[in-house]
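Residue numbers (this note's numbering): 1 to 138.
Just so you know, even glycine gets a beta-carbon here, dropped at the ideal spot from N, CA and C.
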Ligand code: NI
């Protein structure tokens, strides 16, 4: 970890009040920790925008009784072995399954996987958590 530096910023009073509300409601111990978290969020967004090597998690919930949905999910995943690190399947109840796919690779390829999965009929929900490999984030 590099040494700490101190910066001071000027904010409109109303914006500062809103920021302090975020700090309190989201449980940050200090304003500094909240600012650091916001900066890192932006850095991660930029990694995705700039096409750097990134990581992520895709989650999907579906009813495995729905015709072919499970097979189609498998078939798409076999076309993206270059970015899929692991897949976990959980049986939530008699009907519903949750699958989590951990990915690492170029954003464009990951987004392609996400859209091919999204095109499968029978998914109840799908989401992508865009995160970082951590390599270039201080
Ligand atoms: Ni299942």
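Check residue i in the structure and name its three-state DSSP category.
i: residue 90; result: strand
i: residue 104; result: strand
i: residue 110; result: helix
i: residue 62; result: strand
i: residue 124; result: strand
i: residue 83; result: coil
i: residue 57; result: strand
i: residue 9; result: coil
i: residue 14; result: helix
Residue i bridges to which residues according to DSSP?
i: residue 96; result: 63
i: residue 130; result: 56
Below 8 Å on the Cβ atoms is my contact criterion, and I expect residue i with residue j to pass it. Report the Cβ-Cβ distance as a whole number of Å.
i: residue 51; j: residue 131; result: Not quite, the Cβ-Cβ distance comes to about 16 Å (not below 8 Å), so this is no contact.
i: residue 59; j: residue 127; result: 5 Å
i: residue 124; j: residue 63; result: 7 Å
Using a Cβ-based criterion (distance less than 7 Å to any ligand heavy atom), does residue i qualify as near the ligand NI?
i: residue 91; result: yes
i: residue 64; result: yes
Return the chain-ordered list of same chain residues with a C-beta closer than 8 Å to the C-beta of residue i, the five sequence neighbours on each side being excluded.
i: residue 31; result: 19, 20 and 23
i: residue 69; result: 62, 63, 120, 121, 122 and 123
Would residue i count as contacting chain B if we go by Cβ distances under 8 Å?
i: residue 109; result: This model lacks chain B altogether, as it is built from one protein chain only.
Less than 6 Å between C-beta atoms, sequence neighbours within five positions excluded: which residues of the same chain meet that for residue i?
i: residue 3; result: none
Below 7 Å CB to CB, which residues in the same chain sit around residue i once its five sequence neighbours on both sides are set aside?
i: residue 89; result: 97 and 99
i: residue 133; result: 53, 54, 55 and 104
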